[in-house]
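Numbering (the numbering used here), first residue to last: 249 to 1167. We treat Cβ as the ideally placed atom computed from N, Cα and C, and that holds for glycine. Computed from a prediction, not measured in an experiment: that's the story for all the values here.
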Amino acid sequence: MKFGKYLQRRQVSAWKKKYVFYKSFKKQIKSIKRAKTEEELYIGNESQIQIELTAIPINKSISKIPPPSQSSSSPSQSQSQIEIPLQSIEPTTTTTTTAATSSSSSSTTTTNVNSKTIINSSGGSIKSNNSNPLSQSSIIQRGPVIIRENNIEREEKKFDSMLQEEFDKVNTFFKQQEDEFIHQFNDIKQKVVAMSEICKNSSSKSLKDAISEDSPRLGKFSHLFYNPSIIKKRNSSNLTSSAIKDDGVGGASSNSQRYAQSSPSSSSSSSPSAMAVKAIAHAANAETYWNPGSLKLGKIRRSLKRAMEENYREIQALKEYTSLNMIAFRKIFKKYDKVLQSDSSVDGMKLVQQQYFVKSKKLVVIEREIESLYTNTFKHGNRRNAMAKLRVPKEYNAPPKVVFLTGGLSGMSLILFIFCIRYMINNVAIIYFDSPTPLHFLSMFMLHRMIGIPILLLWYFGILLYVTSGKNINLFLILGWDARTNITHYHILFLASGLTFLWTLSLFLYTYLAIHIDGKLPILFPFLLIAIVLFIVFCPFNIIFRPSRYWLIHTFARIFSAPFLPVKFKDFFFGDQFTSLSIVLSDLEYVICFFVSDLWTDGDICWRINPYIKPCLVCVPPLLRALQSLRRFKDTKQNIHMMNFGKYSLTMLSTVTSSIANSKLLTDSSHKKGTLALWIIISIVSTIYSLGWDFLMDWGVLRTHSRNFLLRDHLFYRHKWVYYFAMITNTLMRGSWTINVSFEALSSRTKELIVLATAVIEVTRRFQWNFFRLENEHLSNVGKFRAFDLKIPDILNTQSQQQQQQQQQQQQQQQQQQQQQQQQQEEIGANELLGNNGEPIVGDSKTVITSDDFINGTSKQEGTIDLDRAQFQYSKNDLEDKIEESIINNKNNNNNECTPFSENSFYNNDHSGDENSNE
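See below:
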């Protein structure tokens, strides 16, 4: 594999613009090589032209012309000129540089073809005429060589400038990411140590009481963070932290200051126990819990554990970013030496080694500290298990047996399906479902349709993963997958092939046995198929990709709790998949009813109640998406989510009107036709609405000012026709509901085949829609350089909202009381400064005097005096007399000892001097 493809495959897609532009350097090296080749070509052409010109006879008039130094030619004289063939000289602008001039030490002149004037190297022009004899050696000059040498120098300077730009770009981005990741680690470490500290400081007997005092919700889970191994190694970790700080990492001072400003509570209570309680309180507000009072300490532990694992993955990605750029620079210098036959790679790599992204060793220190902290906190000192959990597995390559089984099961499934179709054509009225054989064929048809459509979507999803993995789309970030436990397209396709084989085997056994055997035995195989599928999905054992299955179950649990939880991308993405599987819910209701009732009674109760329950169940997926839109509007206050709510509301309205139009409730033909017309109108409006949303919002196309016609500026897929084809086919498949109108005259049982066809079309449309929806989301993340989703619980107050409000009210009351006291003291101070007639003391000027001013003898103009509690205006001259008297009295009363100025002494002496002041 060439390095260009290797770099594209291994790089973090969101950081694509921050890697070395390897292809640009290759093009620039080719430009230098091209300039050098042209120089050699010109040198060869020059020698050839000189040889040809020596054979040209010189006429006599030229031989009689005196030398240039002795000639006195006039402009009126006729001029003759020697021209050089155009194919040997490129008509370029003549530029003279220092390097070019030094390379041509001899006095040479260049021949400008356009003006047919011989130009010397100094810039002057020399015109040849009959009176000036020109030697043959001076006719052919080396101007083109100078031009080509200038071209080489210009291309080399461009190469050097590109190299410096790439160094600056890589260093800047590396420094930014390094500071961010280190700041995240310091934050995580602070919380982990705090959680361990709260358990360490409490004795075993009073542990429960101590925890209940700080946070009563900790309860019996407090032992999870009591780990003696982390306490033993705390000193060593602190030493490591200090080493990092000495190296400049310490904590990314700017980021730490910003974080401290954003969380003022962290500065007021920085003890480990207080921080632990604050972290617990914040986890109560986590999005996976409805009620903040239902917090468990295990939630905090899992959150911090995932945060540390994600932080470790970030550091690993940044280290790989460094190594890939180093390899890229080495490849560039080697190619430079190979093409130009030089030996500059050694000096170039020395220059690379001096760059910050290579010299910095902070990531190594942080990486070791994460490993130590994770091992001691979450793995009880077992480093082997800790490293197995921290390290992300390399790119998965499917073993040959997986590929073989996938192909083998797919082939056998195809053969069995062909046999099923053959038996049905000859023995079953598959179109009308009215033949008595086989038994309960309509029910089994709906059962296999219920399972077959999700299996088809699973095949489509495996193909989607195959394409997106080749395009390096970051599904870990988009869908919230764990990079350590996720499954690849190999696993998805293998699982889909296995389920397809079971599905076709069940269908074949039922069809074959139902034709040849009487009784209910053939129905056993479809029932076993349902049991196997449910076991695969909900199996509690650690088999069949349990982490991925649990992730899927958790995602659908979030979908069904749409109005109560914040909506992530994976929630509405799989919610859209669920809307394409709405018919599955209707079939599920029918199958459950069949196994509960009709199988034992041989009746058709399920078929009679299905038309009334079916529209309600089909409306469940769009209803959940509408509730998600409402929740997103509540969280973001963006009106665009209400428009999305309107789209799904129209979908539900179309489903309801369709059910009413096709039901037996309307006996009057005119009413039925009117309802049918209303359904068609609503469906048309809903289709146009949905198409506009698909193109404008989900795919981001139909941009009128885009450089790509009716698309967008940035396209992820190479061929533009793919987008136009998808837009056309999406429009056609959106109108699949018109098939139901075309077959309106058929019976309700026959329409089940039409429902199957429309369901397959809808799933196929969703498969196509997924490519461009994920592409649009990926491009959005790339524009933000967002490659990871690390969430650290913020430190918040442990009190509930009511307690916080009460505390704020108490603080406001205290502030009001203090203000009232200050006002009263001001009034007292002002009254004490009033004279006998009740008028204030008046002086020539007003100054501000503080307790320091009394000692230093300084004052400030126009202000108020602040004596701890009293603030009032005063007269400067009279007040200085009082101060002197107060100081003298204090000295006399204390045996001539210097005592600090007191407010009481000032007031006592102030009353004794009122009369003098009034005078």
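State buried or exposed for residue i, treating a residue as buried only when at least 16 other CB atoms are found within 10 Å of its CB.
i: Asn-790; result: exposed
i: Lys-253; result: exposed
i: Tyr-569; result: buried
i: Tyr-604; result: exposed
i: Thr-285; result: exposed
i: Lys-278; result: exposed
i: Pro-686; result: buried
i: Ile-771; result: buried
i: Thr-905; result: buried
i: Arg-879; result: buried
i: Met-556; result: buried
Determine the DSSP secondary structure at residue i, reduced to helix, strand or coil.
i: His-628; result: coil
i: Lys-1039; result: coil
i: Arg-794; result: helix
i: Tyr-671; result: helix
i: Arg-550; result: helix
i: Asn-1024; result: helix
i: Lys-266; result: helix
i: Glu-568; result: helix
i: Pro-770; result: helix
i: Phe-991; result: coil
i: Ser-661; result: helix
i: Asp-835; result: helix
i: Thr-803; result: helix
i: Leu-813; result: coil
i: Trp-729; result: coil
Nearer than 8 Å: is that true of the beta carbon of residue i relative to any heavy atom of the ligand FAD?
i: Lys-423; result: Summarising the ligand content, the structure contains no ligands, and the ligand FAD is consequently not present.
What's the C-alpha gap between residue i and residue j?
i: Ser-261; j: Phe-422; result: 15 Å
i: Phe-793; j: Lys-281; result: 54 Å
i: Gln-1068; j: Asp-883; result: 42 Å
i: Leu-777; j: Lys-579; result: 56 Å
i: Val-949; j: Ser-444; result: 52 Å
i: Leu-621; j: Gln-432; result: 14 Å
i: Gly-710; j: Ile-740; result: 5 Å
i: Ser-485; j: Phe-724; result: Per-residue confidence for Ser-485 stands at a pLDDT of 45, beneath the threshold of 50, marking its modelled position as unreliable; no derived number is given.
i: Ser-593; j: Phe-577; result: 9 Å
i: Asn-978; j: Asn-892; result: 18 Å
i: Pro-788; j: Val-640; result: 24 Å
i: Phe-251; j: Lys-406; result: 23 Å
i: Tyr-714; j: Phe-1019; result: 11 Å
i: Phe-415; j: Leu-566; result: 16 Å
i: Thr-899; j: Pro-870; result: 7 Å
i: Asn-1029; j: Arg-1021; result: 13 Å
i: Tyr-965; j: Lys-719; result: 8 Å
i: Arg-257; j: Tyr-738; result: 18 Å
i: Asp-435; j: Asp-1037; result: 15 Å
i: Gln-266; j: Glu-562; result: It should be noted that the sequence gives Lys, not Gln, for residue 266. Those two C-alpha atoms are separated by around 15 Å.
Does the Cβ-Cβ distance between residue i and residue j come in under 9 Å?
i: Glu-1025; j: Ile-673; result: no
i: Lys-768; j: Leu-712; result: no
i: His-962; j: Leu-1027; result: yes
i: Arg-732; j: Lys-586; result: no
i: Ala-634; j: Glu-617; result: no
i: Gly-1187; j: Phe-812; result: Given a span of 249 to 1167 for the chain in the structure shown, any question on residue 1187 remains unanswerable.
i: Arg-1014; j: Asp-824; result: yes
i: Leu-747; j: Ile-784; result: yes
i: Gln-419; j: Glu-287; result: Note that residue 419 is Asn in the sequence shown here, rather than Gln. Contact: no.
i: Ile-853; j: Ser-796; result: no
i: Val-844; j: Leu-695; result: no
i: Ile-780; j: Leu-755; result: no
i: Thr-625; j: Val-440; result: yes
i: Pro-863; j: Ser-897; result: no
i: Phe-826; j: Phe-804; result: yes
i: Met-660; j: Thr-759; result: no
i: Trp-947; j: Glu-1000; result: no
Answer yes or no: does any C-beta atom of chain C fall closer than 9 Å to that of residue i?
i: Ser-938; result: Looking for chain C here will not work: only one protein chain is present.
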